[in-house]
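Only one structure is covered here, and it is reproduced in the block below.
Residue numbers (my numbering), protein chains in the order written: chain A, 1 to 521; chain B, 1001 to 1245.
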């Protein structure tokens, strides 16, 4: 029978390969046009490396908007929205260029064809390798049904239906929209898109590590070696291998989280962090368009998983400490789209469709809490950010303290559930639930760097990455409690997978500390 | 074991860093190398037993390894059914009839309907044929001519996405209870041999799916074949007439 099946699938292989390859290139092209038109980060390499994530984010958001609005999803509508967004960016760019005086600046940044061409050729080769099937993937029940059948239903029926039932409350609509790609464009599986996203991410990670190493002042040679070493370490980490290959939403969330953090780190590099820019200055310097584009990624990331909004709140709070954008622009660009789109979706499923199943992950109450939390952060950024010295100086600590308090409250609400969940987390970390040698490695590095810091008599300080990792872990405990039922000790348990998502950020946070050690040495 | 190793390396590195401060960079480089090799060794030893990996050369969700384990026949069936005419029985059940046969009342609602929905969802045109209602697969043909594609309970369980039933009847939890908790395994079979016209289920444009109705069981295995095969071997075979309901 295997031979018959092999002969059967051979009928589709070439056609599906070409279609998926072309879709990857189309997404990349969309992203690169958007990035170049807006002069993204004024860095050609970042524009190219982040083109695919940007293109994919746009697709996610367009699909989300259309479905949440109750419209029929189609390629034409998605292209229309993307074209409208491009026109919007052109307008912003025109206003920015018009305001610049003195130095010659072109309407479009220099394409630097000599630099871009080899990169684009490499990316095309990567796309071919990604789609070929030579790089393995991992499939589970959730991959087959939540990540394939549900998106297929979205394309078949074209709209969100009440009959989709728990899919509407348990599956992030953003992830489902990614899953629509094969069914929209006439092929069968989206493993090539996933693999390409992984390879692209590894390049971004290596670039981020390189930039970080350059800041030590030890030269480009050191930067290359350090970057290669930490990237190799990430590639050898069992949790990263598993999550990156597992056909689920977790891989996209994990990698978008890092990409967004890296972009904001680059964004804030060179800023004093003390003076809040005016709108005119932000516009002129291209900061507004950068934030718009990063916001596209942050917003689409928040829709990939049901707990995504809570994670993005933590992310945005930390970012608000790092960047000197005006409050209004930060709140309106980074938060408002997420609030409005989430509200739109929640109204559609809870009010218009009246979804009411015996058990759902997202309930009306949780949806209200999420929206309230988003609005609170919006109000904080608009009215409180930068106005209280105490808040400014201790924001990081306050975030962690707040999360500890939340966990304490949850513990008091149901001690048995909380303790059982914590015990399960520890068992998953120490047994065969996909963590491998990573946890003990992390502990080892933390010990070594801490002891060195003590003996060097340097103060212990948390950087943005540390803050995010610690905050994420505390938030994961809280989110898993909110699930209602106990976590399971196995690799596929959703709580375990949510925790696995923090691996690249953890590796990067440790890398920064190791670099510090080597510099001080 | 991994804790002991990690602890030993950690202590050794800390001591070296304290004693040989001038060699800090070399020590950290060596330490990093050890950590990479340590993690790599763990991956090589354990990762294959942690999750299954597949190389998707076929460009489809269905992997050749699924055939060996009888998994996910519902990712193979759409590749076969798409664009085809599928003939099925037209034998609805009432709740009273189902109960009279000792079957759960849900049988009356789900019988035939979920499979028809699945076939339509897979891109097939479904034609109900009353004349097929009494057909069944004779035991001899079942053994010789049909290959088992695997368990189909999950395939049916997730057809809740495709139904038009009212709330409780059509929701995920009722489907889960019925197909996952209540019923025993349901299997999907296919005749993959060429029929008299030289066509098989992939190359033929007209197919038949029979569900194996029985008074004794609610679990209805499904059989996929070409219409030519059905007309030639099942419809005409007196052994293939099932007992009347």
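Every residue, glycine too, gets a C-beta built ideally from N, C-alpha and C. Keep in mind it's a predicted model, so treat the numbers as computed, not measured.
The alpha-carbon separation between residue 1180/B and residue 249/A amounts to approximately 25 Å. In this structure residue 1125/B is not in contact with residue 1090/B, their Cβ atoms being roughly 15 Å apart against a cut-off of 8 Å. In the three-state reduction of the DSSP assignment, residue 238/A falls in the helix class. For the C-beta of residue 1075/B, the chain A residues within less than 8 Å are, from N- to C-terminus, 144 and 148.
Look at residue 1212/B here: in three-state DSSP terms it is coil, with no helix or strand label. Here residue 325/A is near residue 287/A, since their CB atoms are less than 8 Å apart.
Within the region 149-166 of chain A, contact with chain B at the beta-carbon level (separation under 7 Å) is assigned to 149, 150, 153, 156, 163, 164, 165 and 166. In the three-state scheme derived from DSSP, where H, G and I count as helix and E and B as strand, residue 1188/B is classed as strand. Between residue 421/A and residue 495/A, the C-beta gap is smaller than 8 Å, which places the two residues in contact. Among the residues facing chain A, residue 1118/B is not included, as its CB has no counterpart in that chain under 8 Å away. In the DSSP assignment, residue 116/A is bridged to no other residue. By the neighbour-count criterion, in which a residue is buried when 16 or more other Cβ atoms sit within 10 angstroms of its Cβ, residue 416/A is exposed. Across the structure, residue 211/A and residue 223/A are spaced so that their CA atoms are roughly 7 Å apart. DSSP, read as helix, strand or coil, puts residue 519/A in helix.
Residue range 1085-1089 is occupied by the beta strand (DSSP E) that includes residue 1085/B. Taking a C-beta distance under 8 Å as the contact criterion, residue 34/A and residue 86/A qualify as a contact pair. Taking a beta-carbon distance threshold of 8 Å, residue 1189/B does not count as an interface residue toward chain A. Counting only runs that start and end inside the region 1032-1083 of chain B, the alpha helix (DSSP H) elements of at least 4 residues fall at 1064-1069 and 1077-1081.
Residue environment: residue 1073/B is assigned as buried (16 or more neighbouring CB atoms within 10 Å of its CB, all protein chains considered). For the region 1166-1193 of chain B, the residues whose beta carbon sits under 8 Å from a beta carbon of chain A are, in order, 1167, 1170, 1171, 1172, 1173 and 1192. By the rule that beta-carbons nearer than 8 Å mark a contact, residue 1006/B touches chain A.
Contact of residue 441/A with chain B by beta-carbon distance below 8 Å involves 1006, 1035, 1038 and 1039. In the displayed model, residue 1161/B falls within a helix according to three-state DSSP. Membership of residue 174/A in any beta strand (DSSP E) is not indicated; the residue belongs instead to the alpha helix (DSSP H) covering 173-179. Beyond the five residues adjoining it in sequence on each side, residue 411/A comes within less than 7 Å, by CB distance, of 418 in the same chain, given in chain order. Here residue 1039/B is buried: its Cβ has 16 or more other Cβ atoms, across all protein chains shown, within 10 Å.
Rounded to whole angstroms, the separation of the alpha carbons of residue 167/A and residue 348/A is 14 Å. Interface annotation, residue 458/A: not in contact with chain B, CB-CB separation never under 8 Å.
Annotation for residue 366/A: the continuous alpha helix (DSSP H) segment containing it runs 364-379.
Within chain A, no residue has its CB atom less than 9 Å from the CB of residue 1199/B, the nearest being about 13 Å off.
Take residue 477/A, set aside five residues on each side of it, and the residues of its chain with a beta-carbon closer than 6 Å to its own are 407, in chain order. By the Cβ neighbour-count rule, residue 445/A is buried, with 16 or more other Cβ atoms within 10 Å of its own. Under the 10 Å beta carbon count, residue 426/A is surrounded by fewer than 16 other beta carbons and is classified as exposed.
Cβ contact annotation for residue 343/A (same chain, cutoff 8 Å, sequence separation greater than five): 371, in chain order.
About 6 Å separates the beta carbons of residue 327/A and residue 382/A, which is inside the 8 Å limit, making them a contact pair.
Sequence-distant Cβ neighbours of residue 338/A in its own chain, meaning closer than 6 Å and more than five residues away, are 299 and 302.
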